[in-house]
Ligand SMILES: NC(=O)c1ccc[n+]([C@@H]2O[C@H](COP(=O)([O-])OP(=O)(O)OC[C@H]3O[C@@H](n4cnc5c(N)ncnc54)[C@H](OP(=O)(O)O)[C@@H]3O)[C@@H](O)[C@H]2O)c1
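In this note's numbering, the protein residues as written are 1 to 357.
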């Protein structure tokens with residue numbers, strides 16, 4: 001027997017949730033109920049859907065609703081989250097409005113599924129940049145107790161929704177035809193084509209951005225350790241899909257690149273991680289790249305491959321030669337899939353496995 005399932009929000013994350021549900025054969029009883037701010041016919045995940053205009057009645061009879069709407073006071077979660085629960089639904093919310101509420105678990109299934117209990121009605125999906133960092137660091141934390149992280153992100157425009165992807169397309173066309181890119185300040189504060197913007201979400205009084213603060217507070221909540229020190233810089237780059245992160249991590253216990261590689265290369269100790277590291281031995285590589293020290297590493301384009309599309313790809317694992325028990329690594333993941341849709345669907349799958357749905 002399947003579940004009655006709804007989806008609120010049909011931006012890139014909503015589209016990926018439909019794809020992931022279909023790919024993973026999530027047991028849905030009848031039709032997926034798709035909702036947004038207005039009623040219309042829309043093609044999502046290569047399929048035509050009748051999108052319904054959101055109203056309270058639509059939640060009646062649904063077991064599970066994925067929320068993929070905008071954040072904030074006029075956003076989907078603030079306006080409709082409580083209504084969904086009151087109508088008997090379990091909610092898995094991609095938005096950031098309730099992530100730090102102590103009563104709502106913030107979950108990465110590979111790391112802290114135990115936070116979801118039979119009482120849980122509302123589960124928050126973490127921020128995309130937090131999810132991939134935590135999947136990569138949790139196994140190392142379990143082995144040697146993480147104490148401090150310095151992270152710089154290289155985040156795709158799709159992290160800011162459909163409007164941001166359109167903005168990059170338009171600006172790129174303008175730039176390549178010799179014109180100055182005209183940016184819409186409602187999307188990005190500066191032009192993004194062929195440039196990097198050290199600015200994601202709103203600035204806070206201390207000079208950090210809200211995205212940076214999310215990486216600090218969400219990581220501590222997921223790893224259940226308020227003492228981990230995290231120093232982030234989040235940067236928007238002209239990539240369509242796929243966030244990359246450069247991470248420096250320092251541990252209380254013994255840690256080295258050799259030990260980290262051993263842990264991260266095992267699916268048993270590091271679920272969700274694929275290590276792409278080591279000497280580049282491609283015999284077909286062009287002459288100019290024939291360097292005996294050349295190494296393999298992951299990039300966003302690798303996420304197109306079926307075996308990598310839902311993984312957190314890790315490479316460039318090195319000792320930090322300036323500090324004991326500290327390492328550097330690079331990690332890459334699809335912000336729309338593992339950073340949002342896949343993580344949400346994995347939570348639902350794990351709840352089903354545990355009899356919580
Ligand atoms: N993009 C990412 O990488 C990423 C990663 C992790 C988490 N998230 C979070 O996931 C959510 C969705 O992201 P997205 O990029 O897909 O957003 P998006 O492109 O802005 O799409 C938002 C969707 O939500 C609907 N919506 C907005 N406000 C609503 C309301 N009050 N009631 C009902 N529907 C409403 C919109 O309806 P209309 O179509 O009718 O306007 C639209 O379909 C956001 O909270 C975002 O922060 C995104």
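Cβ atoms here follow ideal geometry from the backbone N, Cα and C, with glycine treated the same way.
Query, Result
"Residue 14 CB to nearest heavy atom of ligand 1 below 8 Å", "yes"
"Status (buried if at least 16 other CB within 10 Å, exposed otherwise) for residue 77", "buried"
"Assigned exposure category for residue 57 - 16 Cβ within 10 Å defines buried", "exposed"
"DSSP beta-bridge partners of residue 124", "93 and 106"
"DSSP-derived helix/strand/coil call for residue 66", "strand"
"Supposed close pair residue 272, residue 135 - CB separation, criterion 8 Å", "5 Å"
"Nearest-angstrom Cβ-Cβ length linking residue 55 and residue 49, presumed shorter than 8 Å", "Not confirmed; about 17 Å, so no contact."
"Check whether residue 89 and residue 62 have beta carbons under 9 Å apart", "yes"
"Contacting residues, own chain, Cβ-Cβ under 6 Å from residue 9 (five flanking each side not counted)", "68, 69 and 76"
"Range of the contiguous alpha helix (DSSP H) that encloses residue 169", "162-176"
"Sequence-distant residues of the same chain with beta carbon closer than 8 Å to residue 229, five excluded per side", "147, 148 and 149"
"Residue 294 burial status per 10 Å Cβ neighbour count (16 or more: buried)", "exposed"
"Same chain only: Cβ atoms within 7 Å of residue 145, ignoring 5 sequence neighbours per side", "251, 252 and 253"
"Residue 35: first and last residue of the uninterrupted beta strand (DSSP E) it sits in", "33-36"
"Cβ neighbour criterion (16 or more within 10 Å) applied to residue 1", "exposed"
"CA-to-CA distance, residue 118 to residue 356, given in whole angstroms", "6 Å"
"Exposure label - residue 130; buried when at least 16 CB within 10 Å", "buried"
"Own chain, CB closer than 6 Å to residue 277, minus 5 neighbours either side, in chain order", "315 and 317"
"Coil, strand or helix - residue 218 by DSSP", "helix"
"Same chain, Cβ closer than 7 Å to residue 309, five either side skipped, listed in chain order", "303, 334 and 337"
"Near ligand 1: residue 79 beta-carbon under 8 Å from a heavy atom", "yes"
"Closest residue to residue 307 among 226, 224, 97 and 23 (Cα-Cα distance)", "23"
"Cα-Cα separation, residue 85 to residue 157", "32 Å"
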